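Take the position in the sequence shown, starting the count at 1, then add 95; the result is the number in my numbering.
Positions of the beta carbon are idealized from the N, C-alpha and C atoms, including for glycine.
From a predicted model like this one, the values you see are computed outputs, not experimental measurements.
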Amino acid sequence: MLVRRILNGDQAAGERLVTEHYPRVCRFLRHLTRQAEEAEHLTQQTFVNAWRALAGFRGQSWLATWLHRIA
């Protein structure tokens, strides 16, 4: 599981998380805010918050769904 690898210190897994999910989260926030710059800022903040809460991810939903809830 990607989250477990990240929590175990796998830097490549962390990069993969961001690479795979950043564009979709940013599009979602751009849709909500209608402002590209604000969406970019909120996306970065989403990933900071997600990183801090990663240990609490239980895998009961898709990782993408969890990230969208944080966003």
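Which of the three DSSP states, helix, strand or coil, is assigned to residue i?
{"i": "Trp146", "result": "helix"}
{"i": "Gly154", "result": "coil"}
{"i": "Arg129", "result": "coil"}
{"i": "Ala166", "result": "coil"}
{"i": "Gly109", "result": "helix"}
Could you tell me the alpha carbon to alpha carbon distance between residue i and residue j, rounded to whole angstroms?
{"i": "Thr128", "j": "Ala134", "result": "6 Å"}
{"i": "Ile101", "j": "His116", "result": "15 Å"}
{"i": "Glu132", "j": "Arg153", "result": "32 Å"}
{"i": "Val98", "j": "Gln140", "result": "18 Å"}
Report back the beta-carbon spacing between residue i and residue j to the nearest angstrom; my notes put them in contact at under 8 Å.
{"i": "Ala150", "j": "Arg119", "result": "Rounded, the Cβ-Cβ distance is 23 Å, inconsistent with contact."}
{"i": "Leu137", "j": "Ala166", "result": "7 Å"}
{"i": "Leu162", "j": "Ala145", "result": "6 Å"}
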